[in-house]
Amino acid sequence: MRRRWLAVAALALAGAGGWLAWTGREPAPVQGPAPVPDGATVLQTLPDAEGKAQVWRLERREIAREALPDLVLPAQDPDAGRRETFDDAARALDARALESWKHGDLEQALQLFEAAVAADPDDWLIHADYGRLLFLLTADTEAFPHMERAAQLRPDEPRVWLDLQSFYERNILLQAAGAARERAEKLAAGRAIVRDDETGLWRLEDDRIFP
Amino acid sequence: MKRLFSTLALCTSLLVGLAAPSRADTVLDGTTDGGAFFRIVVPTVWNGDLVIWNHGFSLNPVGPVTDLGPLASLQLSQGYAVAASSYQQIGWALFKTKPDLQNMMGVFNANFGTPNQVIVSGGSLGGIVTAQAVEKANLGNVVGAYPICGAVAGSRNWDAGLDLRLVYDAVCANTPAAAIPGGATGLPAPGFPSYPFTNTQLGLAVNACTGILTPPAFRTPQQNANLALFVAETDLPGTPTSILTDMGFATFAISDLIYNPTKLDGKQGIGNFGVSYEDPGIDAAIERVESHPGGRLRLLKNFTPLGAVGDVKIVSIHTDGDYLVIIENEKEYQDVVAPGNLTVAVINEAGNTHCGFSNAETVGGWESLRGWLAGGPQPSAASVQATCLAVAPLVGGACRVDPGFVIPDMDGRVPPR
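Protein sequences appear in the order of chains A and Z. When we follow this note's numbering, the leftmost residue of the first sequence carries the number 1, and every step to the right adds one. When we follow this note's numbering, the leftmost residue of the second sequence carries the number 212, and every step to the right adds one.
If you want it as structure tokens, here you go:
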């Protein structure tokens, strides 16, 4: 008798476990397109280019207009503070990098910029100079983190926003380009902004792109 | 008086749109493994119409949509739903953009109902995606289109890309450090992204040949001569941005186009047999490549406009100095689309940009299309300029439309073949 009850209890436990596992599974995709309930994520099949069913994950929700992900301009790094003094050795590497660049030795310039960043990762000018060369090389994926970091470290410097305007413009992110330009104009405080004849990048009139 | 009232109405609608209080929108995101992403946004107060935004060329991996276009905020505030696809292909994505947009529309219709009107828009590559959607995608009641700096000559642009690449090889043959592998296929098999060659390597090579990234005073006489010949042959502005951006297309993008199994699958779809480059030295030295007939046909089909736009009203804006998608694209488009369907407004810019529009210019073109769709007369380039000037105080930026600009023929810049 006792063995029978034990067997029934074991079966019941196994059944409950199976039911729990079954209800926790993701439901099979339904044929789409079909309405997605508010706040839900569903799987539906839609035809691919060859007409075969392809599974799509569809998520529907309500969000405030301002929360729509958009390209946000870099914000000041709250941990960085505004530095007035910089590492001399790092700045010296930056200067040597610019000198190499001036003489056309771009490989050496890139190596020296890398060394300068390693020597002082929180120097806005090194990031700005390195970012510019990478951007001119059209190595945008490598350039952007440096351009962004320069803006985070020195948000009151118009040059960093003009460099970003050039970046956003070339990547056809026109709203971001306009926002970066607006910020630069406010900070430029009347200084003229021009497009550099030699490189096509935006700069302050008294700045240079080429070293 | 009539003009005063319409200007006042335009400014009022913009002011209301721009100053709209914060609202909750319905967002529907779609993702599929190995395929496209899309995003649909429907404002709480929806006017029943939909704007589709088609983004520009990118060789970055396909990912979630965050860019709904430069006018998304305004369009949502004006009551339009806005939708955008990532496309499932990188680069020249025209081989699959039809199903990409059709799936997105199917989901839209199932969830929000069929829109009263659909307006298709896009920038750069997104311009030719827009043209393809108008002619072939059957997205419902498409009534308008707004391509900006659009590659609307379609596959003809790749003739220019091939010429650029082969001219570079001919000009820079005298500089070993300038060699870029691949020639007419852009890069050797298997092409981008598998073939190990980076943007930095490309920039270093081009600089070795032309000194384009070296201050002019420090370029060698050979570099100066190479640069002058390269610029003369390609008609490119002699800036690093223009030359290196275009060389990126002539290298990475061509190799993806040719080697991608879902695109030309190894077929040389572009060639230069019989092309005259005007410089006898270049003509003698340049590599001659025959296009594969099947490859060329497949490239033409994906896509070159034929002008079958039906009743769709199209406003297109383009900067005259575009260094990447040259202004001559618009002449090719005008040659196939009936004049009563298409208004082209050319922006006279001081230098050379790619899609370097001001806010006022993009809004001016958009509002010109909206006025036309609302039953007004077909805008002209002059009226687009006037609309730009009317909105500029609100949205900012210059208005540089040149109503008298005569768009040159593409054959004059990209030799026919």
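Glycine is no exception: its CB is placed at the ideal position from the N, C-alpha and C atoms.
Taking the alpha-carbon of residue i as reference, which of the options has the nearest alpha-carbon?
i      : options                           : result
A:P47  : A:L93, A:G39, A:W56 and A:R4      : A:W56
Z:T386 : Z:S366, Z:C420, Z:C566 and Z:L279 : Z:C420
A:R183 : A:I172, A:R159, A:P211 and A:R61  : A:R159
A:L43  : A:L137, A:P27, A:L153 and A:A177  : A:P27
Z:S332 : Z:D240, Z:S527, Z:I618 and Z:L398 : Z:S527
Z:T325 : Z:Q313, Z:A556, Z:L517 and Z:G459 : Z:Q313
Z:L517 : Z:L350, Z:A342, Z:L510 and Z:N327 : Z:A342
A:A151 : A:A75, A:T141 and A:R203          : A:A75
A:T199 : A:R149, A:R170, A:Q31 and A:R181  : A:R170
Z:A601 : Z:E501, Z:A571 and Z:N563         : Z:A571
Z:G302 : Z:E539, Z:Y470, Z:V486 and Z:G280 : Z:Y470
Z:P491 : Z:N563, Z:V547 and Z:A381         : Z:A381
Z:V252 : Z:F268, Z:D244, Z:G267 and Z:D278 : Z:D278
Z:S284 : Z:L468, Z:E444, Z:W264 and Z:F249 : Z:W264
Z:A321 : A:A34, A:R83 and A:D122           : A:A34
A:P155 : A:R61, A:V30, A:K52 and A:L73     : A:L73
CB-CB under 6 Å to residue i, same chain, minus the five flanking residues each way: which ones, in chain order?
i      : result
A:A115 : L93
A:R4   : none
Z:A304 : Y298
A:D120 : D87 and A90
Z:G246 : Q299
Z:G422 : R430 and Q434
Z:G372 : F460, A461 and I465
Z:V555 : S527 and E541
A:A143 : G131, L134 and F135
Z:R250 : D240, V276 and A295
In chain order, what residues of the same chain lie with their CB nearer than 7 Å to the CB of residue i, ignoring the 5 residues before and after it?
i      : result
Z:K506 : Correcting the residue identity first, residue 506 of chain Z is Gly in this sequence and not Lys. L475, K478, Q479 and G480, listed in sequence order.
Z:G449 : L438 and V442
Z:G259 : P326 and N327
Z:K213 : Because the pLDDT of Z:K213 is 49, which lies under 50, any placement of that residue in the model is unreliable, and the question is left without a value.
A:D77  : Q152 and L153
A:A109 : A97, S100, W101 and L133
Counting C-beta neighbours from all protein chains within 10 Å, is the total for residue i 16 or more, i.e. buried, or is it exposed?
i      : result
Z:V520 : buried
A:A63  : It is worth fixing the name first, because residue 63 of chain A is Ile in this sequence and not Ala. Exposed, by the Cβ-count rule.
A:E50  : exposed
Z:M621 : buried
A:D38  : exposed
A:L201 : buried
Z:V363 : buried
Z:G636 : Outside the displayed range of chain Z (212 to 628) lies residue 636 of chain Z, so it cannot be described from this structure.
Z:V617 : exposed
Z:E489 : exposed
Z:A178 : This structure gives no information on residue 178 of chain Z, because the portion of chain Z shown stretches from 212 to 628.
Z:D370 : buried
Z:N349 : exposed
Z:P504 : exposed
Z:R581 : buried
Z:G267 : buried
Under 8 Å Cβ to Cβ from residue i, same chain only, skipping five residues before and after it: list those, please.
i      : result
Z:A593 : V612 and P614
A:L106 : S100, L133 and L137
A:L58  : G32, V36, T41, V42, L43 and Q44
Z:F484 : R499, V500, E501, S502 and R628
A:A80  : D122, Q152 and L153
Z:D522 : V354 and N552
Z:S591 : T554 and P614
A:Q54  : T45, L46, P47 and D48
What do you reckon, are the CB atoms on residue i and residue j nearer than 8 Å?
i      : j      : result
Z:H565 : Z:Y544 : no
A:A139 : Z:T409 : yes
Z:A384 : Z:A496 : yes
Z:G608 : Z:I359 : no
Z:S579 : Z:T598 : yes
Z:T473 : Z:K307 : yes
Z:D457 : Z:L375 : yes
Z:A204 : Z:V340 : In the structure as shown, chain Z begins at 212 and stops at 628. Residue 204 of chain Z is therefore absent and cannot be evaluated.
A:A180 : A:Q165 : yes
Z:G536 : Z:S366 : It should be pointed out that residue 536 of chain Z corresponds to Val in this sequence rather than to Gly. Going by C-beta atoms, Z:V536 is not nearer than 8 Å to Z:S366.
Z:V548 : Z:H529 : no
A:W124 : A:E148 : no
A:R191 : A:L162 : no
A:P211 : Z:P427 : no
Is the closest heavy atom of the ligand HEM to the C-beta of residue i under 7 Å?
i      : result
Z:V526 : The ligand content of the structure shown is nil, which means the ligand HEM is not present either.
Segment contact flag, the stretch 416 to 430 of chain Z with the stretch 380 to 400 of chain Z, C-beta cutoff 8 Å, min 3 pairs: yes
The stretch 233 to 250 of chain Z / the stretch 280 to 295 of chain Z touching (three or more Cβ pairs under 8 Å): yes
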